[in-house]
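Just below is one structure, and these are the notes that go with it.
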Amino acid sequence: AAVIEAGMVRLFWVALPLVLNGVLDVFVCSMRGMGYSTMPTILMILGICGVRLTWLWTVFPAHRTLEVIYMCFPLSWTVTSIILGILWIRCHHKLMQRA
33 AAVIEAGMVR
43 LFWVALPLVL
53 NGVLDVFVCS
63 MRGMGYSTMP
73 TILMILGICG
83 VRLTWLWTVF
93 PAHRTLEVIY
103 MCFPLSWTVT
113 SIILGILWIR
123 CHHKLMQRA
């Protein structure tokens, strides 16, 4: 029963918001198609890993549950998607000016 409950928690916090990871991939892949590959890669690493490590070092020690660990997945995808969305707009604008 505990394993099923842990699986349900994981499904709720990781599998359902997985669409956010798809948004992230769209931004990164389209920027690579525009000729920008280094900056999205660096921002992905810093955004995903940075947010997750910060979450685990700050929030998790105060609330030691599996659910709190899983919360860092959609949070990191959301924060990184916002950052990459802003970068995508800037890259797209530069590309349109050159066209």
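One gets my numbering by counting positions in the sequence shown from 1 and adding 32 to each. All residues carry an ideal CB built from backbone N, CA and C; glycine is no exception.
Tell me where the alpha helix (DSSP H) around residue i begins and ends.
{"i": "Arg84", "result": "70–90"}
{"i": "Leu127", "result": "98–130"}
{"i": "Met63", "result": "51–65"}
May I have the straight-line CA-CA distance separating residue i from residue j, to the nearest angstrom?
{"i": "Asp57", "j": "His125", "result": "19 Å"}
{"i": "Ala38", "j": "Trp45", "result": "11 Å"}
{"i": "Pro72", "j": "Arg96", "result": "32 Å"}
{"i": "Trp109", "j": "Val55", "result": "9 Å"}
{"i": "Gly67", "j": "Ile118", "result": "16 Å"}
What would DSSP say about residue i, mapped onto helix, strand or coil?
{"i": "Ala33", "result": "coil"}
By Cβ distance below 8 Å, which residues in the same chain neighbour residue i in space, the five residues on each side in sequence not counted?
{"i": "Ser113", "result": "Leu52, Val55, Leu56, Phe59"}
Apart from the five residues just before and just after residue i, which ones in its own chain have a Cβ nearer than 7 Å to its Cβ?
{"i": "Leu107", "result": "Val83, Trp87"}
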